[in-house]
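Take any residue in the sequence shown, note its place counting from 1, add 5, and you have its number in the numbering used here.
We put the CB at the ideal spot given by N, CA and C, even for glycine.
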Amino acid sequence: MNVTIYGSGYVGLVTGSLLADVGNNVLCVDIDEKKVANLNKGIIPIHEPGLDAVILRNVEIGRLSFTTDMDRAVSHSEMQFIAVGTPPDEDGSADLQHVLAVAQTIAERMDSRKLVVTKSTVPVGTSDKVGARMHEVLAKRGETIEFTTISNPEFLKEGAAIEDFRKPDRIVVGTQNPYAMEEMRKLYAPFCRNHDRLIFMDIRSSELTKYAANSMLATKISFMNELSNLADALGADIENVRIGIGSDPRIGYSFIYPGCGYGGSCFPKDVKALVATAREVGYHAELLESVESVNERQKNVLFEKLNNHFNGDLSGKTFALWGLAFKPNTDDMREAPSRVLMEALWAQGAKVQAYDPVAMDETRSIYPDKNNLALVDSATAATQGADALIICTEWHEFRSPDWDGLKQGLTAPVIFDGRNLYEPEVLSEHGISYYCIGRRQAA
């Protein structure tokens, strides 16, 4: 099939390259000429394990290409995917200007039937707005060309997107149009070989499903973080509690790991957008508001522990920081807990020596020419001469450090662990003071 995808960001690149990888002829569109030129050379602007090889292979074969030419984009295919960004407005609602701009672009140029598929994460009712904008443009043209709007939200995990796309848990499609259903079934047939993963529903339910999924996962994280703070106050061990409740199949172990808060491009934005959507229809989403507020508070927990340990005197001190990305296997620092922590430390006159396996360039772009931030080339280098070590991201290479070497590098043997990577007893045996999230400290 021929497929056009508007937007060459995370969702557009993964979707386009994986659809091309099973044999489709995919054209990805972006307004950034430099990005398009680089992508046609196989140079990608994001870090996602394995994605560069998939893109390069399909560009070389000729099944995947990138363009800024909107006329070519619209004429390329009947199947037109919208995968542009929907950044949050000041009130938390999703900004749909880019989505609607693509709808207008398609309507201005189309001369045959189109299936307009919204892949971007959008509020309920967006497909109606896309359809209304296209009808408006076609009316001005004096045309009555047929088109169908479809909702097809993505459920990709950063760091595991290729596997998620190739072996999806489900493929949600919002349409009740028989022709559209059949075409979407053809498109996704290669990903449904052992059983049918397609779930068809009405468009509004499809749009809500995406927000509901992310909000549910965010709720589990905030609930566990709330419990971890309570465990700290009660002298309980949240790891024992996690195992105790996770063994219940109704709860399970996924997303019940306490930490220093969630970040990224999805959970924070989507929870806020769903709260804003509820507000627009006169409903007060109290639980979702609490999920967000608990997460914002949790991002300050490490700083509070650290500040208490040093009796509020952080000025002039240097702290080693392991992990800058909001999670492992990505360079994404949007809403990352590390940013909240570093900015709080800087406000108190402290310095940071940081290391992350892949997010160093992204950090430099966010904090250019920051005198009190040193980005170093290894985890060991970050600890040299630091007054304490702080961990914000659970990269595998941080899981089994050389304790003696760590103690030699630090001016004092103190670790503040926002991801509970270690056992308190082990740290105690090595003479290291260990502050973590909701864990009972070794005697």
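If the five residues before and after K356 are omitted, its C-beta is found closer than 6 angstroms to the C-beta atoms of T323 and N377, all from its own chain and listed in chain order.
Sequence-distant partners of S383 (beyond 5 residues in either direction) whose C-beta falls short of 7 angstroms from its own C-beta, in its chain, are Y360. Put simply, the segment 181–200 does not touch the segment 224–243. Fewer than three CB pairs are less than 8 angstroms apart. With distances taken between CA atoms, E309 lies nearest to A349 out of A349, C397 and D207. Between the segment 295–310 and the segment 228–243 there are three or more C-beta pairs closer than 8 angstroms, enough to call the two in contact. If you look at D57, you'll find it isn't in any beta strand (DSSP E); it sits in the alpha helix (DSSP H) that goes L56 to I66.
Below 8 angstroms, too few C-beta pairs join the segment 98–111 and the segment 245–263 to call them touching: fewer than three.
Under DSSP, F71 shares a beta bridge with C33. If you look at W400, you'll find it isn't in any alpha helix (DSSP H); DSSP assigns it neither H nor E. I150 carries a coil assignment under DSSP once its states are collapsed to helix, strand and coil. Membership of F331 in any beta strand (DSSP E) is not indicated, and neither H nor E is assigned to it by DSSP. A42 and D366 have their C-alpha atoms spaced approximately 20 angstroms apart. Linking A25 to P92 through their CA atoms gives a straight-line distance of about 27 angstroms. With a cut-off of 8 angstroms on Cβ pairs, the segment 171–180 is not in contact with the segment 141–151, counting fewer than three such pairs.
In this structure, the straight-line span from the alpha carbon of S98 to that of W400 is close to 32 angstroms.
A direct Cα-to-Cα measurement between S252 and T9 gives close to 45 angstroms. Excluding its 5 nearest sequence neighbours in each direction, S156 has C-beta neighbours in its own chain below 6 angstroms: T123, S132, G179, I208, S211 and E212, listed in chain order. If you draw a 10 Å sphere on the C-beta of N7, you find fewer than 16 other C-beta atoms in it, and that means exposed. Membership of A325 in any alpha helix (DSSP H) is not indicated; the residue belongs instead to the beta strand (DSSP E) covering T323 to W327.
Proximity to G164 across R445, D76 and P333 peaks at P333, based on C-alpha coordinates. In the displayed model, G179 falls within a strand according to three-state DSSP. According to DSSP, residue pairing for L380 in a beta bridge involves A359. Apart from sequence neighbours up to five positions away, the residues of its chain that approach T154 with a beta-carbon distance below 6 angstroms are V121, S132, V135 and G136, ordered along the chain. Of the candidates S13, V419, Y15 and R444, R444 places its Cα closest to the Cα of G240.
Under DSSP, D422 shares a beta bridge with I396. If you draw a 10 Å sphere on the C-beta of Q181, you find fewer than 16 other C-beta atoms in it, and that means exposed.
Going by beta carbons, I243 and I395 fall outside the 8 angstroms limit.
T73 and S13 have their alpha carbons spaced roughly 11 angstroms apart. DSSP places L415 outside both helix and strand once states are collapsed to three, so it counts as coil. By the neighbour-count criterion, in which 16 or more other beta carbons inside 10 Å mark a residue as buried, T416 falls on the exposed side.
For the 8 angstroms CB-CB criterion, L319 and Q353 form a contact. If the five residues before and after S117 are omitted, its C-beta is found closer than 6 angstroms to no C-beta atom of its own chain.
For M365, the uninterrupted alpha helix (DSSP H) run begins and ends at M365 to I371, by DSSP. Its chain contains S22 and D26 as the residues whose beta carbon lies nearer than 6 angstroms to that of V59, once the 5 sequence neighbours on both sides are disregarded; these appear in chain order.
The bridge partners DSSP lists for A99 are P93. In chain order, T73 place their CB closer than 8 angstroms to the CB of I36, counting only its own chain and leaving out the 5 sequence neighbours on each side.
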